[in-house]
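Colleague: The numbers in the sequence shown follow our numbering, run straight up by one, and end at 931. Yeah, the Cβ is synthetic: ideal placement off N, Cα and C, and Gly gets one too.
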Amino acid sequence: MTISRLSAILLASTAVPAIAMDDAQSTGSSVAMPGGDAKEAVEVGSSREIVVTAERIKGSVDTDVPPVEELNEADIASLGASSLTELVAAVAPQANSGRGRGGGMPIILLNGQRVSGFRELRDLPPEAIRQVQIFPEEVALKFGFRPDQRVINFILKDNFASFAAEIEHAQPQDGGFGTNEFETTLTRIGPKTRFNLDVELERSTALTESERDLISSAGSLLARGGNISGLGVNGAISPALSALAGSNVTKAGIPLGISNPSLAQFASTANRLNDGNIGDVRTLLPRTERLEMNGTWSRSLGPQTILSFNANYALRGSESLLGLPGTSFVLPRSSPFSPFGQDVTLSRYFDAPRPLERESETHVFQTGSTFNHALGRWRWTLTGNYARTANDTRTTRNADFTALRAGVLAGTTNPFAADFGANLLFLAPDLASSLNQNMDMRSTLAGTALKLPTGDVQITFASGFTRQMLDSETWRSSVTTDISLRRNIMNHSVNAELPLTGRDFGLGSAIGEWAINGNIGYSDLSDFGKLMEYGAGLRWAPMRNLTFQASITGDENAPGIGQLGNPTLVTPNVATYDFTRGESLFINVITGGNPALIGEKRRDVILNANWNPDFIKDFALQFSYFKNNSRNTTAAFPLLTPEIEAAFASRVVRDAQGRLVSIDQRPVNFDRETSQRIRWGFNISGNIGAPAPPRGPAGGPPAAATGAPGAPRAAGGGFAGRSFGGGGPRFGAPGGGQPSRWNIALYHSYRIEDEILIRPGVPVLDLLNGSATSSNGGASRHEVELSGGLFHKGFGFRLQGTYKSNTTADGTGLAGSNDLRFSDIAAINAFLFVNLDQQARVIKAVPMLKGSRISFRVENILNDIVDVRDQNGNVPLGYQPGYIDPRGRVFEVSFRKRF
């Protein structure tokens, strides 16, 4: 597609103001870039009140919106994270957003500036971080993003060097599989350069159903030894057999180890089937391997200019077992091997040639770059990314039974012989391959357009171009299906924030700070046309430690190119629960892309309140209300309840007896989704005992104690009372040690409404009252997130997890159908670690342990798994605990050493 001249001009225009400005203007810039920290000022007001004011520390975000949470070095050390990836996971309750239909990954900044992606800094050791700031969604507008994700800013130390190696081993309490991981990380941060290289190798063994003692699907005639079923009147196998058994015999297991069983021998297995359990050749978790390398280089080209590059390569492989080849034969009455006197059906699995398998291999290459340049009150950022993902999947299909079936019908093959089916060969396997490529470039110009007595008018202009390419090929039953999709996207947006009143000017001194913000964006997609996004917000801070925010956002979105064109895969023998018949069985499941998907529209209304009371140190209380209305949403195929089957009847295949055979689970569109929820919670932290004063840059008092640069600003605008001296003690420093700390973050979400209309004319799905779209049932009314722990004299302990209340999934109410009840669940993970640097006796006895840390994790420490019961109190076979959570309680031990 040819890019329109107007779009090209708009993309280039964001760079024009930056090029036209004079570099000399950068001297007075307040934009965070390398340079000295601003100093504090002390003023005496007319009321003799002492007001302490400090400009933001180097690398902080230039905004008047207070952060919802700030972490200093002691807070970071108390989390026990080994990388920024783990650190982000540890602060998930504070960083999660409830915007829209669920928050995703927060926006990541480094030293107050955009990066090409989280890859640039995800492997940095937490010891390299001076401070972490978490901001509300409105701050995303300043950097050209939609206001639907929170913002995390990492502020680096000025000088840092480290080489670290870590080895981990994980194994579940119930055994069955294990995971080993080895990782090395090299980091160098200097006055002008930053370099980080990380290499990871991870291997996990497979877990089979037999290792979780799962009961196989009931009623299946397929078994390794084979079973006989009748075709006669009332399903009888043979009148003579029924006479011998004394009752009507409709099924019977084949006597094992007998090559020519007699009718009398079949009488001993009358109406009893051979075991159809093949759990030893069906995996719950595949065998996996992963090799990944990630490197980043950054250099300061001037006082206000930074250039960075990142490259990442990952190789991932997996192998799954999907069961055994199996089929049913008609054994004719004319066969010399049949004792029944009439036609019957013989059903069985075959160990030859080998179990059905699926092998997958994925190669991922990603690269990105960022150019940041500050000119006066403006900042120009140019980011570029390229990603290439190639995947190949091979799925073995059933065996070729043509010759075997013909031999049984002709009476030349003995179906009871020990070598029956020993020479089977597989049909040609299903092959699927895909190549997904994504290139994007984005230009952002942000700064102060106008200075008013009430504050600065902040404006951000952003333009971008994205090209997406998807090529997929599926080969099944000698039929090849090729899909080639291309999408070009030009997008432009303008975000602005206007202060209406200032706290120290005019009316603002009486009513507090008021500010409004807004954004409007436009995207032109080559395959979907024009899409719009918009938003407006109001912020009121009646006091320095109390902020209220209200906003409305709306946007239009197209389905992802993968949702449209991913290759079609058919997975056999997937354990599934059928609500209509109230039974569990193994079926075929179809996945892939759906080219018939349409674009969606959504609108959100958000109300926020943040309070940092002065009478409780390091305490923050947050409250949020979210309302979402979405149309034509794209979603994964939902749980096959009777309501869903009625709405998507063409996606479900049943046999003549009504038994479920297959489900097409490719993505679908819902006509409308509506939800409302409240989320509230708090963060609190503090010292354990009287904290020892940390050392300053030259071994003297800390920066905050002397009034030197480096003392952080609290959320309300004053000092947080924490020390951030760049030369202070850190993990691994000789004779150092982080102060003892404790912290708790606790958040509760209450869902008021959660409804889906699949299409006009069908009942609305109320996910809070019996409807369901996922295998976990409906939506939980209550959800609680917890993250907390303590760090004392080198020992750390943390708990992190979530609680979700019980849900239901209603059946049809007809005979044979069942309602399901899903219990509540508390998934809590525990983490214990010890920094050996702070254990003087250990280091003295074993000096090589200097700079080391030993960690012990317990995943799902309560071993809590959702308990699913039908209305009769029974656990459906498809909802056995081993299917829901095959991992269970997992223990992990790791050893990390910094050199």
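1. Quick check on residue 598: buried or exposed, where buried means 16 or more other Cβ atoms within 10 Å of its Cβ?
2. By a C-beta neighbour count over all protein chains shown, 10 Å radius and 16 as the cutoff for buried, is residue 279 buried or exposed?
3. My guess is that residue 490 and residue 90 are in contact by the Cβ rule of under 8 Å, so how many angstroms apart are they, rounded?
4. Excluding the 5 residues flanking residue 834 on each side, which residues of the same chain have their C-beta closer than 7 Å to its C-beta?
5. Can the beta-carbon of residue 592 be found less than 9 Å from the beta-carbon of residue 582?
6. Taking all protein chains shown into account, decide if residue 932 is buried (16 or more other Cβ within 10 angstroms of its Cβ) or exposed.
7. Using C-beta distances below 6 Å, list every residue in its chain close to residue 482, excluding the 5 sequence neighbours before and after it, in chain order.
8. Got a sec: does the ligand ADP put a non-hydrogen atom nearer than 8 Å to the Cβ of residue 318?
9. Give the list of continuous beta strand (DSSP E) stretches no shorter than 3 residues that lie fully inside the region 134 to 179.
10. With DSSP as the reference, please indicate the residues paired to residue 213 in a beta bridge.
11. Is the region 373 to 392 touching the region 453 to 464, taking contact as three or more C-beta pairs under 8 Å?
12. Alpha carbons only, please: which of 868, 694, 699 is nearest the one belonging to residue 664?
13. Nearest to residue 709 by alpha carbon, out of 775, 669, 637?
14. For the candidate residues 572, 158, 658, 527, whose alpha-carbon lies nearest to that of residue 480?
15. What are the start and end residues of the beta strand (DSSP E) that includes residue 512?
16. What residue range is occupied by the uninterrupted alpha helix (DSSP H) comprising residue 282?
17. Mind reading off the beta-carbon distance from residue 447 to residue 369? Whole number of angstroms is fine, and I expect it under 8 Å.
18. I need the boundaries of the alpha helix (DSSP H) containing residue 674, first residue and last residue.
19. For a test of the three-state rule: what should DSSP assign to residue 653, helix, strand or coil?
20. Given that a residue counts as buried once 16 or more other Cβ atoms are within 10 Å of its Cβ, and exposed if not, what is residue 201?
21. So, at 7 Å on beta carbons, what are the nonlocal neighbours of residue 276 in its own chain, with the 5 sequence-adjacent residues on each side left out?
22. I believe residue 211 touches residue 194 by the beta-carbon criterion, under 8 Å. Please report the beta-carbon distance rounded to the nearest angstrom.
23. Less than 9 Å between the beta carbons of residue 865 and residue 829, yes or no?
24. I think residue 380 touches residue 258, with their Cβ atoms under 8 Å apart; what is that distance to the nearest whole Å?
25. What's the C-alpha gap between residue 436 and residue 429?
26. In three-state terms, what does DSSP make of residue 541?
27. Look at the alpha carbon of residue 185 and the alpha carbon of residue 549, and state the distance between them as a whole number of angstroms.
28. Cα-Cα, which of 270, 97, 159, 392 is closest to residue 107?
29. Can you find the residues in the same chain that come closer than 8 Å, C-beta to C-beta, to residue 648, ignoring five residues on each side of it along the sequence?
30. Sort 190, 426, 317 by Cα distance to residue 225 and report the nearest one.
31. Could you have a look at residue 502 and say whether DSSP puts it in helix, strand or coil?
32. Indicate whether residue 777 and residue 718 have their beta-carbon atoms separated by less than 9 Å.
33. Kindly indicate which residue of 601, 469, 529, 475 has the alpha-carbon position closest to the one of residue 500.
34. Expressed to the nearest angstrom, what Euclidean distance is found between the alpha-carbon atoms of residue 273 and residue 449?
35. On the three-state DSSP scale, how would you describe residue 239?
36. Under a three-way DSSP split, which group does residue 641 fall into?
Modeller: Let me lay it out:
1. Translated into the one-based positions of the sequence shown, residue 598 becomes position 566. By the 10 Å Cβ count, residue 598 comes out buried.
2. Numbered from 1 along the sequence shown, position 247 holds the residue referred to as residue 279. It counts as exposed.
3. Looking up residue 490 in the sequence shown gives position 458. Looking up residue 90 in the sequence shown gives position 58. Not quite, the Cβ-Cβ distance comes to about 20 Å (not below 8 Å), so this is no contact.
4. One-based indexing of the sequence shown puts residue 834 at position 802. Excluding positions up to five away in sequence, the list reads 815, 816, 817, 859.
5. For the purposes of this step, residue 592 is taken as the residue at position 560 of the sequence shown. For the purposes of this step, residue 582 is taken as the residue at position 550 of the sequence shown. No, the Cβ-Cβ distance between residue 592 and residue 582 is not below 9 Å.
6. No statement about residue 932 is possible, as the shown extent of the chain runs from 33 to 931 and does not include it.
7. For the purposes of this step, residue 482 is taken as residue 450 along the sequence shown, with counting starting at 1. Answer for residue 482: 489, listed in chain order.
8. By its list of ligands, the structure shown contains no ligand whatsoever, and the ligand ADP lies outside what it can speak to.
9. 139 to 142, 161 to 167
10. Stepping through the sequence shown from its first residue, residue 213 is reached at position 181. DSSP lists 200, 234 as partners of residue 213.
11. yes
12. One-based indexing of the sequence shown puts residue 664 at position 632. Nearest option by C-alpha distance: 699.
13. For this step, residue 709 is matched to residue 677 along the sequence shown. Closest by alpha carbon: 637.
14. As a first step, residue 480 must be located in the sequence shown, where it is residue number 448. Per the Cα distances, 527.
15. Stepping through the sequence shown from its first residue, residue 512 is reached at position 480. Its beta strand (DSSP E) spans residues 511 to 533.
16. Reading the sequence shown from its first residue, position 250 is the one you call residue 282. Residue 282 -> no alpha helix (DSSP H), and no H or E assigned at all.
17. For this step, residue 447 is matched to residue 415 along the sequence shown. For this step, residue 369 is matched to residue 337 along the sequence shown. With 8 Å as the limit, residue 447 and residue 369 qualify as a contact, their Cβ atoms being about 6 Å apart.
18. Residue numbering aside, residue 674 sits at position 642 when the sequence shown is read from its first letter. 674 to 679 is the extent of the alpha helix (DSSP H) around residue 674.
19. In the sequence shown, the residue the question calls residue 653 occupies position 621. Three-state DSSP puts residue 653 in a strand.
20. Here residue 201 refers to the residue found at position 169 of the sequence shown. By the neighbour-count rule (16 or more Cβ atoms within 10 Å), residue 201 is not buried but exposed.
21. Taking the sequence shown and counting its residues from 1, one reaches residue 276 at position 244. Counting only Cβ-Cβ distances below 7 Å, and skipping sequence neighbours, we find 295, 296, 299.
22. Within the sequence shown, residue 211 is the residue found at index 179, counting from 1. Within the sequence shown, residue 194 is the residue found at index 162, counting from 1. That belief does not hold up - the Cβ atoms of residue 211 and residue 194 are roughly 25 Å apart, past 8 Å.
23. Numbered from its first residue, the sequence shown carries residue 865 at position 833. Numbered from its first residue, the sequence shown carries residue 829 at position 797. Against a cut-off of 9 Å, the Cβ pair of residue 829 and residue 865 comes out as a contact.
24. Indexing the sequence shown from 1 puts residue 380 at position 348. Indexing the sequence shown from 1 puts residue 258 at position 226. Contact flag correct, Cβ pair sits at about 3 Å.
25. Locating residue 436 in the sequence shown gives position 404, where the first residue counts as 1. Locating residue 429 in the sequence shown gives position 397, where the first residue counts as 1. Cα to Cα, the separation comes out at about 17 Å.
26. The residue labelled residue 541 in the question sits at position 509 within the sequence shown. Looking at residue 541 - three-state DSSP - the assignment turns out to be helix.
27. The residue given as residue 185 occupies position 153 in the sequence shown. The residue given as residue 549 occupies position 517 in the sequence shown. Near 21 Å, if we compare the C-alpha coordinates of residue 549 and residue 185.
28. Counting from 1 along the sequence shown, the entry for residue 107 is found at position 75. Of the candidates 270, 97, 159, 392, the one whose C-alpha sits nearest the C-alpha of residue 107 is 159.
29. Taking the sequence shown and counting its residues from 1, the one referred to as residue 648 is at position 616. Cβ neighbours of residue 648 beyond the five flanking positions: 716.
30. Locating residue 225 in the sequence shown gives position 193, where the first residue counts as 1. Comparing Cα-Cα distances from residue 225 to each of 190, 426, 317, the minimum goes to 190.
31. Numbered from its first residue, the sequence shown carries residue 502 at position 470. Of the three classes helix, strand and coil, the one that applies to residue 502 here is strand, per DSSP.
32. Locating residue 777 in the sequence shown gives position 745, where the first residue counts as 1. Locating residue 718 in the sequence shown gives position 686, where the first residue counts as 1. Taking 9 Å as the Cβ cut-off, residue 777 and residue 718 do not qualify as a contacting pair.
33. Sequence index remark: in the sequence shown, residue 500 carries index 468 (1-based). Per the Cα distances, 469.
34. As a working mapping, residue 273 is identified with position 241 in the sequence shown. As a working mapping, residue 449 is identified with position 417 in the sequence shown. Computed Cα separation, rounded: 21 Å.
35. Sequence index remark: in the sequence shown, residue 239 carries index 207 (1-based). Here residue 239 sits in strand by DSSP.
36. Locating residue 641 in the sequence shown gives position 609, counting from the first residue. Strand, per DSSP.
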